[in-house]
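The end of the sequence shown is residue 1183 by the working numbering, with every number in the run present.
Heads up, the beta-carbon is just placed ideally off N, CA and C, and yes, glycines get one too.
Fair warning: this is a prediction, and the values are worked out from it, not measured in the lab.
Step one of this worksheet: look at the structure below.
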Amino acid sequence: QVLLRESGGGLVQAGGSLTLSCSASKLNITNVGWFRQAPGKEREFVATVLWTGEGIMYADSVKGRFTISRDNAKNTVDLQMTSLKPEDTGTYYCAAGWGRYRTGYQAWGQGTQVTVST
């Protein structure tokens, strides 16, 4: 089973930027997605990418602001977040799998907290 680890979370002001990173051994041959969960809400899809770098999809709420990318030589998948809004606040998880639904994912990281202040 893939053991995923997220990093890069933190506190940022609205309008700012943050880059999250997901790492794991053999991530270079793993499809990956990012999800987030705000307090009291369901975990929701953010972005996903196939191990080839193709098949990129975004949630409508982040399209044009977030970019998912991968470096297979380093076994990392990044989520670059710009123009952050308070509603982007939550715990961000990377997961092994692909698609918009949680059922398409087989393993999850522990999450990293992102807080966007007004």
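Under the DSSP assignment, Ser-1086 falls in the beta strand (DSSP E) whose first and last residues are 1083-1088. The beta carbons of Ala-1103 and Gly-1155 sit about 4 angstroms from each other, so the pair counts as a contact at 8 angstroms. DSSP, read as helix, strand or coil, puts Ile-1133 in strand. Straight through space, the alpha carbons of Arg-1070 and Asn-1137 are spaced by roughly 15 angstroms.
Going by beta carbons, Gln-1078 and Ser-1148 fall outside the 8 angstroms limit. Separation of Trp-1099 and Ser-1086 (C-alpha to C-alpha, rounded to the nearest whole angstrom) is 10 angstroms. Judged by DSSP secondary structure, Gln-1145 falls within the beta strand (DSSP E) whose first and last residues are 1141-1146.
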